[in-house]
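Residue numbers (my numbering), protein chains in the order written: chain A, 36 to 472; chain B, 36 to 472.
Just so it is clear, CB atoms sit at the ideal spot from N, CA and C, and this is done for glycine as well.
There are 2 protein chains.
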Amino acid sequence: MADTPSPHVLILGAGFGGLNAARALREAPVRITLVDRKNYHLFQPLLYQVATSGLSPGDIAFPARAIFRNQKNLTFRMSEVQHIDLAQKRLDTSTGALTFDYLILAAGSETSYFGMQSVQENGLGLKDLDEAVSIRNRVLRMFELAAQEPDPEKRRALLTFVVVGGGPTGVESAGALSELIRLVLIKDYPQLSLKDVRILLLEAADRLLGGFPAPLQEYASETLWRKHVEVRFGASVTGFDGERVTLKSEEVIPSQTLIWAAGVRAARIMDRLGVRQSRQNRVVVTELLNLPDHPTVFVIGDAAYLEHEGQPLPMMAPVAIQQGQTTARNILHHLRGEPLETFVYKDPGSLATIGRNAAVARLWGLKLTGFLAWAMWLGVHLLWLVGFRNKLVVLINWAWDYFFYDRGIRLITAQQKWPWTPGKASEGETKGRELGL
Amino acid sequence: MADTPSPHVLILGAGFGGLNAARALREAPVRITLVDRKNYHLFQPLLYQVATSGLSPGDIAFPARAIFRNQKNLTFRMSEVQHIDLAQKRLDTSTGALTFDYLILAAGSETSYFGMQSVQENGLGLKDLDEAVSIRNRVLRMFELAAQEPDPEKRRALLTFVVVGGGPTGVESAGALSELIRLVLIKDYPQLSLKDVRILLLEAADRLLGGFPAPLQEYASETLWRKHVEVRFGASVTGFDGERVTLKSEEVIPSQTLIWAAGVRAARIMDRLGVRQSRQNRVVVTELLNLPDHPTVFVIGDAAYLEHEGQPLPMMAPVAIQQGQTTARNILHHLRGEPLETFVYKDPGSLATIGRNAAVARLWGLKLTGFLAWAMWLGVHLLWLVGFRNKLVVLINWAWDYFFYDRGIRLITAQQKWPWTPGKASEGETKGRELGL
Numbered sequence: 036m037a038d039t040p041s042p043h044v045l046i047l048g049a050g051f052g053g054l055n056a057a058r059a060l061r062e063a064p065v066r067i068t069l070v071d072r073k074n075y076h077l078f079q080p081l082l083y084q085v086a087t088s089g090l091s092p093g094d095i096a097f098p099a100r101a102i103f104r105n106q107k108n109l110t111f112r113m114s115e116v117q118h119i120d121l122a123q124k125r126l127d128t129s130t131g132a133l134t135f136d137y138l139i140l141a142a143g144s145e146t147s148y149f150g151m152q153s154v155q156e157n158g159l160g161l162k163d164l165d166e167a168v169s170i171r172n173r174v175l176r177m178f179e180l181a182a183q184e185p186d187p188e189k190r191r192a193l194l195t196f197v198v199v200g201g202g203p204t205g206v207e208s209a210g211a212l213s214e215l216i217r218l219v220l221i222k223d224y225p226q227l228s229l230k231d232v233r234i235l236l237l238e239a240a241d242r243l244l245g246g247f248p249a250p251l252q253e254y255a256s257e258t259l260w261r262k263h264v265e266v267r268f269g270a271s272v273t274g275f276d277g278e279r280v281t282l283k284s285e286e287v288i289p290s291q292t293l294i295w296a297a298g299v300r301a302a303r304i305m306d307r308l309g310v311r312q313s314r315q316n317r318v319v320v321t322e323l324l325n326l327p328d329h330p331t332v333f334v335i336g337d338a339a340y341l342e343h344e345g346q347p348l349p350m351m352a353p354v355a356i357q358q359g360q361t362t363a364r365n366i367l368h369h370l371r372g373e374p375l376e377t378f379v380y381k382d383p384g385s386l387a388t389i390g391r392n393a394a395v396a397r398l399w400g401l402k403l404t405g406f407l408a409w410a411m412w413l414g415v416h417l418l419w420l421v422g423f424r425n426k427l428v429v430l431i432n433w434a435w436d437y438f439f440y441d442r443g444i445r446l447i448t449a450q451q452k453w454p455w456t457p458g459k460a461s462e463g464e465t466k467g468r469e470l471g472l
Numbered sequence: 036m037a038d039t040p041s042p043h044v045l046i047l048g049a050g051f052g053g054l055n056a057a058r059a060l061r062e063a064p065v066r067i068t069l070v071d072r073k074n075y076h077l078f079q080p081l082l083y084q085v086a087t088s089g090l091s092p093g094d095i096a097f098p099a100r101a102i103f104r105n106q107k108n109l110t111f112r113m114s115e116v117q118h119i120d121l122a123q124k125r126l127d128t129s130t131g132a133l134t135f136d137y138l139i140l141a142a143g144s145e146t147s148y149f150g151m152q153s154v155q156e157n158g159l160g161l162k163d164l165d166e167a168v169s170i171r172n173r174v175l176r177m178f179e180l181a182a183q184e185p186d187p188e189k190r191r192a193l194l195t196f197v198v199v200g201g202g203p204t205g206v207e208s209a210g211a212l213s214e215l216i217r218l219v220l221i222k223d224y225p226q227l228s229l230k231d232v233r234i235l236l237l238e239a240a241d242r243l244l245g246g247f248p249a250p251l252q253e254y255a256s257e258t259l260w261r262k263h264v265e266v267r268f269g270a271s272v273t274g275f276d277g278e279r280v281t282l283k284s285e286e287v288i289p290s291q292t293l294i295w296a297a298g299v300r301a302a303r304i305m306d307r308l309g310v311r312q313s314r315q316n317r318v319v320v321t322e323l324l325n326l327p328d329h330p331t332v333f334v335i336g337d338a339a340y341l342e343h344e345g346q347p348l349p350m351m352a353p354v355a356i357q358q359g360q361t362t363a364r365n366i367l368h369h370l371r372g373e374p375l376e377t378f379v380y381k382d383p384g385s386l387a388t389i390g391r392n393a394a395v396a397r398l399w400g401l402k403l404t405g406f407l408a409w410a411m412w413l414g415v416h417l418l419w420l421v422g423f424r425n426k427l428v429v430l431i432n433w434a435w436d437y438f439f440y441d442r443g444i445r446l447i448t449a450q451q452k453w454p455w456t457p458g459k460a461s462e463g464e465t466k467g468r469e470l471g472l
């Protein structure tokens, strides 16, 4: 293919944005190269369920090559991007250089610790499969250690789990963690008492799920309270040494598990483009989703900064999907010498689940809570999930968990010396080194 | 429970032997402590399917605490055993010491490289989930690298996969690897040719599946040949530097993937008991399955050496299961002051699968091959698999693979710098550090 004269579209990232851009160019007279450092598309919205033993990594990851097997104009390339030269229209990767006529940067976002070294070193992010498996291993390990810990103070510290960040990820993780512990794990550890368990959700602002209507925010925090999650507002983490979480208020929480869902930023590679970036390091794009000085370079999804009704577009799948499709159309327009479309975000509403029968939904101007919102959440996520096998297996796992109050995948897969010593997380359990599935 | 006077049965290992001994003591007037360094029971017979992208680790691992949740007289303890003092009836673990009245050593077996350092460092074993995930990652990575490798010699080396050992593990792995590559992966990599792929099965003896009747051995090697596996007899590996497999014949095979299924030995902890060991370091036990000098210490499963019709009992699940049950009964006999039973192995026959519709079965004096044997293999393994959820998910994955010639879990989960440099396997992909599921 390399010698055909058709223009070369280079897509960086096989997330929702890159995936949909590539699919939308299926019939286009272009050569497409899709580059990702992973060989699979990850269904991020369900990552927290891998972290809480509900799903296997393989259930929410789908091989990129399988997705594009029948797309003749696309080549997948598993490589790490090292440098992007916009002027030369050139991309240097760990497996050689690539030139492009059109570039779609869909590199997504990564965790931001706001420069807090101690939190970055000892806390657990939740942006990829490795991190999700690290959380699962950590939580289960804490219970194994607590079951053998005679000192009640130490035991309570082992059973204290701190989730930081009241956005959807934090809310869903805290809710799922509460159900994992109170409905499942406690039956595994008869020698432990729920009275020794603490689950905290720390939010610096005064509400959860910013962006959702106030009643839904209230419902979310109320529901979490009923699940015995200590929802704390105005609580800013200042450090975590692996044994103690410290807050701005100088409150100290003895815990060995801090799940960091408080900050994300555009993928770091975006910082090296030398173009204008805005909040969360997102690259400022025109309404056409391209760069002012590089009209054939598009940035979409979490990595792109564009405002919608005065607000930056949320870092959510629907935005990335729609931007991917618009960008594909704009590349066709450009090829045909037609004017490009401006991106208009069609807000499909938003959903967040807190646990069994409990979710919040903002759709078609409606505000829904409880079972109905939860059922919608299930349906939408099953629908979005790539691959029939994955859908089926996820459905079975969900049904199983729902009817039997069980979580099948509660496995500790980190090999390390026992007993596990706090702070020493890096030994054996090195973050992002528990290489999932 | 610790202060009740009932005798303490300590079981080391949650494999088939330990699991069945513990279950059989469900109603017994004893306290049971089950110690394992993992928190799950692993269904070893399907490990090779995790290694070949067919199943998720979570599909063949079941949480030990879930298995024994309703067994009131059992406590599970996740710890690493450090020292066993038979005279003092004492076990030192990473989380403290335990004393026992009865000890059941069901520690299983581990890979033996016959002291070949280079093979141990660069080869891949297949005894636990980490190793299975390492093999999966390695095979898929080889294809990703080959897809980007211009040099045909290097590409052929990347696509050469050497399986060592003609026992069931080697045969099943080679067959599954061939089907993964020829039926699935090749569709993922249109730029690669099957002509560049080599799969070798190296066996030092002159037949596969030693222990099976000769016609079944012939069928196995013929079937593998038809799957384009180069079955080589009288081939002894002498070294593997990560780029070249060297044989006793001085033949050199350029390859970066060596799967070692040629040797197992009793778990190393057995060497520190100071008791008599036989072939493969297995501990010699009496017909009562206990130690001559320590009648209340039993050794069962792969770790035990006992002959049956002049042959050492095979390292297979049925042996471990039956020995676990007999040992449970013998502990009850001993409690009641009754004479102990001698262990009589009831050979249920044996099964090995080579691929779709192809297996060999020796049971009820019958020799079966082909579809019927394969169907039996499926049934027996589904039946043995612990947990309904696991059975269901495995069945779905199998049906999916069978009807759609697909392997859903072909994910590379090892984070490492690209390009991957041979021999450097230890970087990022450190063996047993790709911590599965």
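Residues of the stretch 65-87 of chain B that bring their beta carbon within less than 8 Å of a beta carbon in chain A comprise Arg72, Lys73, Asn74 and Tyr75, in sequence order. Listed in chain order, the non-local C-beta contacts of arginine 61 of chain A below 7 Å within the same chain comprise Gln106, local neighbours out to five positions each way being set aside.
For glutamate 265 of chain A, the beta-bridge partners assigned by DSSP are A:Leu235. Chain-ordered listing is empty here: chain A has no CB closer than 9 Å to the CB of lysine 189 of chain B, the nearest sitting near 13 Å. If you compare the alpha carbons of A:Arg112, A:Asp127, A:Thr110 and A:Phe111 with that of histidine 118 of chain A, the shortest gap goes to A:Asp127. Distance from valine 197 of chain B to isoleucine 294 of chain B at the Cβ level is roughly 7 Å; contact confirmed, criterion being Cβ atoms closer than 8 Å. With fewer than 16 other CB atoms across the displayed protein chains lying within 10 angstroms of its CB, phenylalanine 439 of chain A is exposed. Leaving aside the five residues that flank threonine 331 of chain B on each side, the residues in its chain whose CB is nearer than 6 Å to its CB run, in chain order, Tyr137. With a threshold of 16 other beta carbon atoms within 10 Å, glycine 158 of chain B meets it and is buried. The closest CA to that of glycine 269 of chain A, considering only A:Thr321, A:Ile139, A:Asp328 and A:Leu236, is found on A:Leu236.
Distance from leucine 47 of chain A to histidine 76 of chain A at the Cβ level is roughly 14 Å; contact not present, criterion being Cβ atoms closer than 8 Å. If you draw a straight line from the Cα of arginine 311 of chain A to the Cα of arginine 72 of chain A, it is about 25 Å long. For glycine 309 of chain A, no alpha helix (DSSP H) segment is defined, and its DSSP state is neither H nor E.
Between asparagine 365 of chain B and glutamate 145 of chain B, the alpha-carbon positions lie close to 27 Å from each other.
The beta carbon of alanine 396 of chain A lies closer than 6 Å to those of Leu386, Leu403, Ala408 and Met411 in the same chain, with the five residues before and after it left out.
Around the Cβ of glutamine 252 of chain B, a 10 Å sphere holds 16 or more other Cβ atoms; the residue is buried. When B:Gly277, B:Gly384 and B:Leu326 are compared, the shortest CA-CA separation from leucine 398 of chain B is found for B:Gly384. Bridge partners of isoleucine 288 of chain B according to DSSP: B:Val280. The shortest C-alpha to C-alpha distance from glutamine 79 of chain A to any of A:Val421, A:Asn392, A:Leu243 and A:Gly443 is the one to A:Val421.
For tryptophan 260 of chain B, the closest C-alpha among the options B:Glu278, B:Arg233, B:Ser271 and B:Val272 is that of B:Arg233. Between the beta-carbon of alanine 355 of chain B and that of glycine 160 of chain B there is about 20 Å, and that puts the pair past the 8 Å contact cut. Looking at the backbone, the Cα of leucine 375 of chain A and that of glycine 359 of chain A are separated by about 14 Å.
Residue-level contact by beta carbon fails for arginine 58 of chain A and chain B, as no gap is shorter than 8 Å.
Boundaries of the alpha helix (DSSP H) harbouring serine 169 of chain A: 164-182, taken from the DSSP string. None of the residues of the stretch 203-214 of chain B has a beta carbon lying less than 7 Å from any beta carbon of chain A. For valine 428 of chain B, DSSP records no beta bridge to any residue. At a beta-carbon threshold of 7 Å, the residues of chain A lying near glutamate 179 of chain B are Asn74 and Met113, ordered along the chain.
Residue-level contact by beta carbon fails for leucine 54 of chain B and chain A, as no gap is shorter than 8 Å. Across the structure, glutamate 265 of chain A and valine 199 of chain A are spaced so that their CA atoms are roughly 12 Å apart. For the pair isoleucine 139 of chain B and valine 44 of chain B, the CB atoms are nearer than the 8 Å cut-off. Closer than 8 Å to the CB of lysine 262 of chain A there is not a single CB belonging to chain B. Per DSSP, reduced to three states, the secondary structure at serine 129 of chain B is coil, with no helix or strand assignment. Secondary structure at threonine 377 of chain A: coil, using DSSP grouped into helix, strand and coil.
The criterion of a C-beta distance shorter than 8 Å is satisfied by glycine 93 of chain B and glycine 443 of chain A. Burial check for aspartate 306 of chain A: the Cβ neighbour count within 10 Å stays below 16, so the residue is exposed. Beta bridge pairing from DSSP links aspartate 71 of chain A with A:Met113.
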